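No gaps in the numbering here: position 168 of the sequence shown is 168 in full-length UniProt numbering, and each next residue is one more.
Let me begin by presenting the structure, written as structure tokens, before commenting on it.
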Amino acid sequence: MSGIIETPSFKTIQVQELHPTFAAEVTGVDFQDVSDEQFAEILAAMAKYGVCVFRKTGLTDESHVAFSRRFGELDNIRRYLVGGRKPRYGLYELFDAGNLTEDNESVLDPDSVRAHSNKGNGLWHVDSSFNPRRAGFSLLRACILPPARKRGQYGFRRQPDRVRGAAPGSEEETAGARLRRGALDGA
């Protein structure tokens with residue numbers, strides 16, 4: 001008798017696990033021409049691994065949004081643009097997690113409202129899971145990365161992998177369920 005959850009087989013992409021319980025690096029995708037078959041495999045990889053890393057995609061802002069639309073209805077930032085603030089990007093579907101001013105020329109004043117909001121996001125956040133229409137996926141795109149030795153800390157956690165019977169918040173509870181920066185950087 002086979003298991004309830006089948007392990008997907010991939011024919012058009014290559015998948016390399018980054019962590020024993022979740023996260024994988026996916027290669028072999030031409031983001032300029034993703035077929036329905038390949039998109040189904042990407043979706044299966046995302047369902048299985050929770051976090052998928054795609055390097056050097058060649059995506060522009062426009063093609064990133066177009067690819068994201070294949071996953072379903074997209075959220076936008078209009079409700080967050082208060083006080084006459086203008087988006088740094090021409091597309092309202094792109095959330096700005098950067099630290100540059102609207103002109104892309106200087107770093108935000110550390111005392112600005114946006115800088116404080118970014119600090120809060122840096123401590124902890126869950127992408128749009130609080131909205132009435134919850135996000136099914138978050139597709140993050142980094143345009144320019146600083147050298148690995150100068151990058152900040154980030155991590156991913158997959159909730160279903162919590163250790164049963166462990167005290168909430170304990171190290172045992174999350175053993176094997178966290179992926180830190182090093183696995184994503186190849187460091």
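No residue lacks a Cβ here, since even glycine has one placed at the ideal position from N, Cα and C.
Values in this document were obtained by computation on a predicted structure and should not be read as measured data.
Burial state of residue i, where buried means 16 or more other Cβ atoms lie within 10 Å
i: Leu81; result: exposed
i: Val29; result: buried
i: Gln14; result: exposed
i: Gly84; result: exposed
i: Val37; result: Contrary to the premise, residue 37 reads as Glu rather than Val in this sequence. So Glu37 counts as exposed.
i: Leu18; result: buried
i: Val107; result: exposed
i: Gly72; result: exposed
i: Ala115; result: exposed
i: Ala47; result: exposed
i: Leu100; result: exposed
i: Ala45; result: buried
i: Pro20; result: exposed
Of the residues the options, the one placed nearest residue i, counting alpha carbons only
i: Phe95; options: Phe71, Pro110, Val65; result: Val65
i: Lys11; options: Leu145, Val26, Arg88, Ser68; result: Val26
i: Asp33; options: Ala44, Ser63, Phe22, Glu105; result: Ser63
i: Asp111; options: Glu105, Lys119, Arg149; result: Lys119
i: Phe54; options: Ala142, Gly136, Arg149; result: Ala142
i: Gly58; options: Glu41, Phe67, Asn104, Gly72; result: Phe67
i: Leu145; options: Thr21, Lys56, Val51, Met46; result: Lys56
i: Pro132; options: Asn104, Pro147, Glu93, Asp75; result: Asp75
i: Ser138; options: Cys52, Lys48, Phe39, Phe22; result: Cys52
i: Gly90; options: Val113, Asp61, Glu105; result: Asp61
i: Pro8; options: Leu43, Thr21, Ala23, Ser35; result: Leu43
i: Ala40; options: Asp103, Arg70, Arg79; result: Arg70
i: Asp103; options: Arg88, Ala24, Pro147, Ala23; result: Arg88
i: Ala24; options: Ser35, Gly50, Phe31; result: Gly50
i: Ser117; options: Ile77, Ala97, Phe22, Lys86; result: Ala97
Beta-ladder partner(s) of residue i, from DSSP
i: Cys52; result: Ala24
i: Gln16; result: Glu25
Would you list, in sequence order, the uninterrupted alpha helix (DSSP H) runs of no fewer than 4 residues that lie entirely inside the region 62-130? 113-123
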